[in-house]
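Start counting at 1 in the sequence shown, then tack on 138, and there's your number in this note's numbering.
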Amino acid sequence: MKMNIPKILEILTQFKELCQRKGWETSEWYDWIKANGDYHNFLWTKTVHTSSFKRIASNKRCIVRKGLSYQVVEPSYTAWLLSEPFPETLIKAITDDADLTSRIAVYDLSLMTDSTNQCAKQNRTDSQVFRDFESFLTNELGVSFRPIPIASETDVTTDDCTIAEIS
């Protein structure tokens, strides 16, 4: 079975239960975890267009329900979980921006199937919650990780360069 949105929701629900046992605050209605004073937001979707991603990433907002009211907070970290491969332009937008790289993690769950339990990731944050999420996926679901390839890192090498001789 290919990764789908209900499966992602099930994984997040199980992970939030683990976080509650650690004493971290979670939400029944929204996918955020508050640990050590920081909000860690999980956004999941099938796919996202790069322009939409940039608007959402720059917005830096997370809804927190407090009783019958709502509060808007700025999450310290955001993890994007997609059930289809991430567009290369999206990964490049993150890696080209030091601010985004330090606060946004990307998990391509499209490779998680019944026969292949892999996840491509890009996580250069210092989020303990995201490290625990990765450990949860590995320990509870047997997921192995591989980096998301970035064209600028994989397509260009110094071996491809030649210097023209000027006569």
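Glycine included, each C-beta is placed from N, C-alpha and C at the ideal position.
Fair warning: this is a prediction, and the values are worked out from it, not measured in the lab.
Going by Cα to Cα distance, which pick from Gln-260, Pro-225, Asp-169 and Leu-220 is closest to Arg-199?
For Arg-199, the closest C-alpha among the options Gln-260, Pro-225, Asp-169 and Leu-220 is that of Asp-169.
In whole angstroms, what is the alpha-carbon distance linking Gln-256 and Ser-196?
When rounded, the distance between both Cα atoms is 29 Å.
Alpha carbon to alpha carbon, how far is Lys-160 from Thr-185?
Looking at the two C-alpha atoms, the distance is approximately 31 Å.
Give the DSSP-derived three-state secondary structure of Val-211 in the structure shown.
In the three-state scheme derived from DSSP, where H, G and I count as helix and E and B as strand, Val-211 is classed as strand.
Reference Leu-249, options Asp-237, Leu-220 and Phe-274, closest by Cα:
Leu-249 has its Cα closest to that of Leu-220, out of Asp-237, Leu-220 and Phe-274.
Taking DSSP as the reference, what is the three-state secondary structure of Leu-147?
Helix.
Three or more beta-carbon pairs under 8 Å between the region 201-211 and the region 230-240, yes or no?
Remark: fewer than three beta-carbon pairs, one from each stretch, lie closer than 8 Å, so the region 201-211 and the region 230-240 are not flagged as touching.
Beta-carbon within less than 8 Å of Leu-81's beta-carbon, same chain only, minus the 5 sequence neighbours each way: which residues are those?
The requested residue 81 is not part of the displayed model; the chain covers only 139 to 305.
N- and C-terminal bounds of the alpha helix (DSSP H) containing Thr-185:
Under the DSSP assignment, Thr-185 falls outside any alpha helix (DSSP H); it carries neither an H nor an E label.
Could you please give the first and the last residue of the uninterrupted beta strand (DSSP E) stretch that includes Lys-204?
Start and end: 200-204.
Looking at the secondary structure, which residues open and close the beta strand (DSSP E) in which Phe-283 lies?
Element bounds for Phe-283: 282-285.
Whole-angstrom distance between Leu-147 and Arg-284, CA atom to CA atom:
Annotation: Arg-284 to Leu-147 spans about 22 Å, alpha carbon to alpha carbon.
Could you check whether Phe-153 and Ala-217 sit closer than 8 Å to each other, using their CB atoms as the reference points?
It is not a contact, given that the beta carbons lie outside the stated cut-off.
Residue span of the beta strand (DSSP E) that contains Asn-261, given as start and end:
Segment 256-261, the beta strand (DSSP E) holding Asn-261.
I believe Asp-246 touches Phe-268 by the beta-carbon criterion, under 8 Å. Please report the beta-carbon distance rounded to the nearest angstrom.
About 14 Å separates the two Cβ atoms, so there is no contact after all.
Report buried or exposed for Leu-208, applying the criterion of at least 16 other Cβ atoms within 10 angstroms of its Cβ.
Sequence check: residue 208 is Tyr here, not Leu. The residue in question, Tyr-208, is exposed, as its Cβ has fewer than 16 Cβ neighbours within 10 Å.
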